Structures are given as structure tokens and as C-alpha cells.
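What follows is a single structure, written as C-alpha cells, with notes after it.
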Amino acid sequence: MHNSPIATAWTDIAAAMRRYPLVGMLGWQDVRQRYRRSTLGPFWLTVSMGIMIGAIGVVFGSIFNTPMTEFLPFVAAGLIFWAFISSVVTEGCTGFIEAEGIIKELPLPLFLHILRMIWRNILILGHNLVIFPLVLLAVGKWPSWAMLGSIPGFLLVLINLAWLALLVAILCARYRDLPQIIASILQVVFYLTPVMWMPSLMPKRVGSLLLNLNPIYHLLELVRTPLLGQTPTALNWGVSIGMAVIGWGVALAVYGRYRHRIAYWL
Amino acid sequence: MASIEFHNVCVDFPIYNANGRSLKKRLLQVATGGQLGADQNGHVVVRALEGLSFSLNDGDRLGLLGHNGAGKTTLLRLLSGVYVPSTGTARIQGEIGSLIAISLGIDPEATGRENIFLRGGLLGLSKAEITRRLDEIIEFSELGDFVNMPVRTYSAGMHLRLAFAVSTILRPEILLMDEWLSVGDEGFKHKAEERMQELVKSTNILVIASHSRELILRTCNRAIWLEHGKIRMDGDVVAVCDAYFGEPA
């Protein structure tokens, strides 16, 4: 019963992973439930994301005086993945709180609720991703196989988001005003991260400081650059791998320590 | 083989009022030197269960008695593994199944069929297993063609029949119940009763919380009377029932 914290955490996480069919089903269910009686279904998200990309692309492209062929794909890739990252973090905050009913009745591994939330957002990301090739075609470019280079980066992003979501889910279950704080922080990070502005527009010195110290920037670059026909830098990879290792270390320690307390906090 | 062994189990619920749950308050406390005096962290703790020691083995049919708030539900949640004791040890061996909240996880917008998979999945059944027993479940629920309709179109009775049909296909070694389940109209009730009896017969250990003397006497061979989170009495079902409900007239 009183195993080491890391063992407790690991047992739970491994048990959750073994339940992947259930995670898959519940994640799909979440997406379907939201759009059950609408004709377009989850593609409503695609439509609204598309409109947002178009609007922001035109406005900011003109303000920054950047050619649309370059700016529009940049904004599209950035916004699509930013939406994914930020909703995993915000929904991570309520990961355990929302699953209260299940947590208090069924002895399922708790990490399952985090996996379900991530899977649900991957499905939504899939719907949004449809926009990207359309944007490319709209500016007269063709999608290429090189874009698949985003996949390894995306996996590393997932590994990072998983520990982050787990950690905020634990903390938010205990401290109920954290979700608001995290929402505000995300808002600020959105403006600090080059999603709507291109890094090349920043003055060199300020820019490199602002960018390299921003962990989300490195994650975003891993998936975005291959889509734009570039490659992520070694620094992007290094920081992301380092974050994954340290982050999981912290998350495992905290989760192991408080895993059994979570049901009491809800 | 199933067994349950509780040794000096306590459950304390931390009560965080709006202040206690706020990070600001926590930071301020630390910043102002902290008032770690009161009760260690300064928050109120409700002791739901105190010093519980008992053990159950194959063949035990335990009835839990006690007034509202005596700790019956908390004890059931400890047994199901949802809660881990704050202090003391709870050793539980055997596969656990619970017939508490049988409607949990049912999505009103999804069809009956989809809900069978959802609910079954939550109970730990694999997709293949559910597919294999799908016809049996649908037939038992007597939903007919309604199984392909969204659950929100169901009557309350149909809803319960569906939940009951899925939740009772498991044959756990340890069965937990909060009151007896009785669903549906006369015809269905009879069938449901039969299945309940069969479930109870096949389980190694049964733990049921109830306010009904008749039910406890009929299903159990042992009873524990909880009062204010402590065991007031533990022993033969007749003796405990007589003490709790008073001598039968």
C-alpha cells in the first residue's frame, strides 16, 4: 500500500495507458456530445478557426506589411497549434475537477482523465488541421511530404503537454483559483509567443531574449517550422527534450505524493 | 479467493473553505510567518471514519447499518478503492464490482447501444467482451428498437433498465451495494430480482448498506453498525439488527 511515490504515480499512469480503448471511446464521446445535434458537427470548429485565420491574416499581414504568401500559412499553422496547446492546458486545469463524478465512484486510474482530455483535443486538432492545406492552396502553394516532419515534433509536444496537464490538474483540484490564474497567464503567453507576429519582425536583441526564454515558443517551432518548409533548430529540440525530462520528473513526484489525496480534494 | 482486511482505518476530509482553497491565502500565510498552529495547516478536518478494524473473507455477507452521515458511503468508497485511508491500512484482495450509481457515465445524447459500450467500458469490460454480450444485454433490457435511439428519449424506467442490464453483467468477487436495486414495472422487477439474487450468490463477499431491516436480515450473515464514523457494533446479523432497530415486536 505504501509504495514509493514514483511507483504509485507510475502504476497509475501505466494502468491508464493500458486502458487506451476506453480513453479513445470517451474522447470521441466528448467531441460527439458537444456537436451531437448540429449538422456540421465538429467542423464548426474548423469553420470558426478558418474565419479567424483569414481575418487575422489579412489585418496583421497588412499592418506588418508582410506578403500574404508568407504570412497566411504562418498564422494558420501558429493559430491551429496554439489553440491545441492552450486548450490542453486550460482543460487540464479542470481535468480532475470535471471528472469528480467518475473519480468518486469508480476506481479507475486517474491519469485516464488526462489522457481522455488530450485525446479529445487531438481529435479537434485533426478537424482544424484541414484548414492548413486549404490556406496553402489559397496562396498558391502546394502541400509537400516534408510537412510530415512535424510528426516527431508533435509527439514531443504531446509528451510535454501531458506532464503539464497532469500537474495543473492536481494543483487546480487543490487550489480552486488557479484555473483563473492559468487562463490569464496563457493570455499573456499568447502575445509573447510569435503566433500572430513573425519572429523576424522583432529587433534582434529583444527578439532572441523574448523567444529563447519562452518554452512554448520552442514547442510551437517543433511542429510549425516543418509545415512552413523549414526545420526546427537544435535549440528548439534541446529545450523541448529538457523540459520533458524535468517536467515529468516533477510531475511524477507530485503525482505520486498526492495521487491518493485527489479524491479527497474533489 | 477474496478477502478484505481493515486495520485501524481513519478517513479525514479536509474542509477547504473559500479561503483555505485559495493560493493567495496560502502565500500570504507563508509571507506573514504562517500560523501553522491551529491544526497543523490551519484547516478544519472532518473525521468521517475512525479506527475501523475488521476483516471479511469468502462467504461473508456484510450489512452496513447506521444513520445518515454515519460513514456508510465513505466506507463503501474505501472498499471500492476510490478513497485510500488517511491513516491505517486497508488490504483488499479480489476483483471489486459496485452497483452504486449504475447510471454514471450514461450520456443522454448517445444511443442506447453506444451507452452500453460507454458504461461497460467504464466498468472495465473490453470492447470485444461487450460486443459478445451485446445481444444478451439488449434483450435483458427489453428496449427493442429503442436501443438505437438517444437515451434522452427514454422514460425514466427504460433508462434504469438499460443501466441495470449493463451494470449487472459483471460477476465480481467483491460486490458493493448501497441499498437493493429494484427497477422497472412488475414484469421486469421479477427478472431483475432474479438476476440480483444470482449476482449476490456468485460473489465471494457482499457488502451492502441499507436502512431496511428486512433486507439486511434476508441477504446478510453479518452486520456492522456505524455511528459517528466508528464501529458501534459488529457481529451476527440478527444480534446487530436487534440492537439497531430494536427487538422485533
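As you go down the protein sequences, you meet chains A and B in turn.
When you number the first sequence by the working numbering, it's gap-free, plus one each residue, and the end is 266.
When you number the second sequence by the working numbering, it's gap-free, plus one each residue, and the end is 1249.
Positions of the beta carbon are idealized from the N, C-alpha and C atoms, including for glycine.
Because the structure is a prediction, the values reported are computed rather than measured.
Who are residue i's beta bridge partners in DSSP?
i, result
"ASN1057 of chain B", "B:SER1003"
"ARG1222 of chain B", "B:LEU1062 and B:ASP1236"
"PHE74 of chain A", "DSSP, once it has assigned bridges, lists no residue as partnering PHE74 of chain A."
"VAL157 of chain A", "The partner list for VAL157 of chain A (beta bridge, DSSP) is empty, contrary to what the question assumes."
"ARG1091 of chain B", "B:GLU1005"
"SER1141 of chain B", "SER1141 of chain B is not bridged to any residue."
"THR1111 of chain B", "B:PRO1150"
"GLU1227 of chain B", "B:LYS1230"
"MET1177 of chain B", "B:ILE1208"
Can residue i and residue j be called in contact, C-beta distance under 9 Å?
i, j, result
"LEU1226 of chain B", "ALA1090 of chain B", "no"
"LEU1181 of chain B", "ILE1205 of chain B", "no"
"GLY1097 of chain B", "LEU1170 of chain B", "yes"
"ALA169 of chain A", "GLY229 of chain A", "no"
"MET25 of chain A", "GLY1124 of chain B", "no"
"ALA1165 of chain B", "PHE1140 of chain B", "yes"
"PRO1108 of chain B", "ARG1161 of chain B", "no"
"LEU1078 of chain B", "LEU1049 of chain B", "yes"
"MET68 of chain A", "ILE131 of chain A", "no"
"GLU91 of chain A", "LEU266 of chain A", "no"
"MET17 of chain A", "PHE111 of chain A", "yes"
"ASN212 of chain A", "VAL239 of chain A", "yes"
"ARG116 of chain A", "GLY57 of chain A", "no"
"ASP1058 of chain B", "ALA1002 of chain B", "yes"
"ARG174 of chain A", "PHE81 of chain A", "no"
Give a yes or no on whether the minimum CB-CB distance between residue i and chain B is below 9 Å.
i, result
"LYS204 of chain A", "no"
"TRP265 of chain A", "yes"
"PRO226 of chain A", "no"
"GLY41 of chain A", "no"
"GLY101 of chain A", "yes"
"GLN29 of chain A", "yes"
"MET52 of chain A", "no"
"HIS113 of chain A", "no"
"LEU186 of chain A", "no"
"LEU26 of chain A", "yes"
"PRO21 of chain A", "yes"
"ARG37 of chain A", "yes"
"LEU108 of chain A", "yes"
"HIS260 of chain A", "yes"
"ARG116 of chain A", "no"
"ALA9 of chain A", "no"
Beta-carbon of residue i versus every beta-carbon of chain A: anything under 9 Å?
i, result
"PRO1150 of chain B", "yes"
"GLU1109 of chain B", "yes"
"GLU1173 of chain B", "no"
"ASN1204 of chain B", "no"
"LYS1127 of chain B", "yes"
"ILE1004 of chain B", "no"
"ALA1031 of chain B", "Bear in mind that the predicted position of ALA1031 of chain B carries a pLDDT of just 48, short of 50, making it unreliable; the figure below should be weighed with that in mind. No, because no Cβ of chain A sits closer than 9 Å to the Cβ of ALA1031 of chain B."
"ARG1077 of chain B", "yes"
"ALA1101 of chain B", "yes"
"GLY1112 of chain B", "no"
"TYR1083 of chain B", "yes"
"GLY1094 of chain B", "no"
"GLY1066 of chain B", "no"
"TYR1016 of chain B", "yes"
"PHE1146 of chain B", "no"
"GLU1247 of chain B", "no"
"LEU1104 of chain B", "yes"
"LEU1052 of chain B", "no"
For my contact list, residue i and residue j are in at a C-beta cut-off of 8 Å; report their separation, rounded to the angstrom.
i, j, result
"ASN160 of chain A", "GLY247 of chain A", "6 Å"
"GLN1207 of chain B", "LEU1062 of chain B", "According to the sequence as given, residue 1207 of chain B is Val; it is not Gln. At roughly 5 Å, the Cβ-Cβ gap stays under 8 Å, so VAL1207 of chain B and LEU1062 of chain B are in contact."
"GLU105 of chain A", "LEU1118 of chain B", "Not a contact, Cβ separation roughly 14 Å."
"VAL88 of chain A", "ILE182 of chain A", "Contact flag wrong, Cβ pair sits at about 12 Å."
"LEU171 of chain A", "LEU178 of chain A", "6 Å"
"VAL1082 of chain B", "ILE13 of chain A", "Between ILE13 of chain A and VAL1082 of chain B the Cβ distance is about 18 Å, and since that is not below 8 Å, they are no contact."
"ILE1224 of chain B", "LEU1064 of chain B", "6 Å"
"VAL245 of chain A", "LEU167 of chain A", "No, VAL245 of chain A and LEU167 of chain A are not in contact; Cβ-Cβ is about 14 Å, not under 8 Å."
"ALA1209 of chain B", "GLU1179 of chain B", "7 Å"
"PHE1006 of chain B", "SER1080 of chain B", "Rounded, the Cβ-Cβ distance is 14 Å, inconsistent with contact."
Any chance the stretch 5-17 of chain A sits against the stretch 251-258 of chain A, with 3 or more Cβ pairs inside 8 Å?
yes
With contact counted as at least three CB pairs below 8 Å, one residue from each stretch, are the stretch 143-158 of chain A and the stretch 62-74 of chain A in contact?
no
With three or more C-beta pairs closer than 8 Å as the rule, is the stretch 1216-1234 of chain B touching the stretch 1060-1076 of chain B?
yes
Using a Cβ distance threshold of 8 Å, determine whether the stretch 1001-1010 of chain B contacts the stretch 191-210 of chain A, with at least three qualifying pairs required.
no
If you pair each beta-carbon of the stretch 1207-1222 of chain B with each one of the stretch 1236-1249 of chain B, do three or more pairs fall below 8 Å?
yes
Indicate whether the contact test is met: 3 or more Cβ pairs, each with one atom in the stretch 109-129 of chain A and one in the stretch 32-49 of chain A, closer than 8 Å.
yes
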